[in-house]
Amino acid sequence: MPNPNRLWFLLNWQAWAVLLMSAVATIIARQPWLITLGVIGYLVVILADIAGGGSLGRSGAVRLARAEQENRELRAEQARLVGAVNELQQRLAVEAKPAAPPPASPPPASAP
């Protein structure tokens, strides 16, 4: 299913803010190469938006949130099971350890 909003990256206000700030810095410093920092910043903000699921749209964001919740639940279940296995192994190790024999008493002294 194609994304209904193909130009979603043009709606990111943070990316535009970075680009605008670099344009202002370029004008103030009179260094044209500074605009490249703005373009790089724009792309970094868009990349961060993609990583956060910003390009997914409403239904995609809901699916992502559900998947993240399921992932958290599975990790909690995994931690619970690993803890139970460790506890069981400790209990078995204690039960399997043979009882130590009582310390031997010194032999009685013989009469000369």
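Our numbering numbers the first residue of the sequence shown as 136 and each following residue consecutively.
Each residue gets a CB set at the ideal place from its N, CA and C atoms; glycine is no exception.
These numbers come from a predicted model, not from an experiment.
Supposed contact pair glycine 176 and serine 157 - C-beta distance, whole angstroms, cut 8 angstroms: In the sequence shown, counting from the first residue as 1, residue 157 sits at position 22. In the sequence shown, counting from the first residue as 1, residue 176 sits at position 41. With 8 angstroms as the limit, serine 157 and glycine 176 qualify as a contact, their Cβ atoms being about 6 angstroms apart.
N- and C-terminal bounds of the alpha helix (DSSP H) containing serine 157: On the sequence shown, position 22 is the one that residue 157 refers to. Here the alpha helix (DSSP H) through serine 157 covers 148-164.
Length of the line joining the Cα atoms of asparagine 147 and arginine 215: Stepping through the sequence shown from its first residue, residue 147 is reached at position 12. Stepping through the sequence shown from its first residue, residue 215 is reached at position 80. Whole-angstrom Cα-Cα distance: 41 angstroms.
6 angstroms CB neighbourhood of tryptophan 151 in its chain, flanking five on each side removed: Translated into positions along the sequence shown, residue 151 becomes position 16. Same-chain partners within the cutoff: there are none.
Boundaries of the alpha helix (DSSP H) in which leucine 172 is found, first to last residue: The sequence position of residue 172 within the sequence shown is 37, counting from 1. First-last of the alpha helix (DSSP H) with leucine 172: 169-186.
Valine 180 vs valine 153 beta-carbon contact at 8 angstroms: Position 45 of the sequence shown, counted from the start, is the residue given in the question as residue 180. Position 18 of the sequence shown, counted from the start, is the residue given in the question as residue 153. Their beta carbons are under 8 angstroms apart, which means valine 180 touches valine 153 by this criterion.
Counted within 10 angstroms of its Cβ, other Cβ atoms place glycine 218 as buried (16 or more) or exposed: Counting from 1 along the sequence shown, the entry for residue 218 is found at position 83. It counts as exposed.
For proline 167 and alanine 211, the rounded distance between their alpha carbons: For this step, residue 211 is matched to residue 76 along the sequence shown. For this step, residue 167 is matched to residue 32 along the sequence shown. Taking the straight line from one Cα to the other gives about 52 angstroms.
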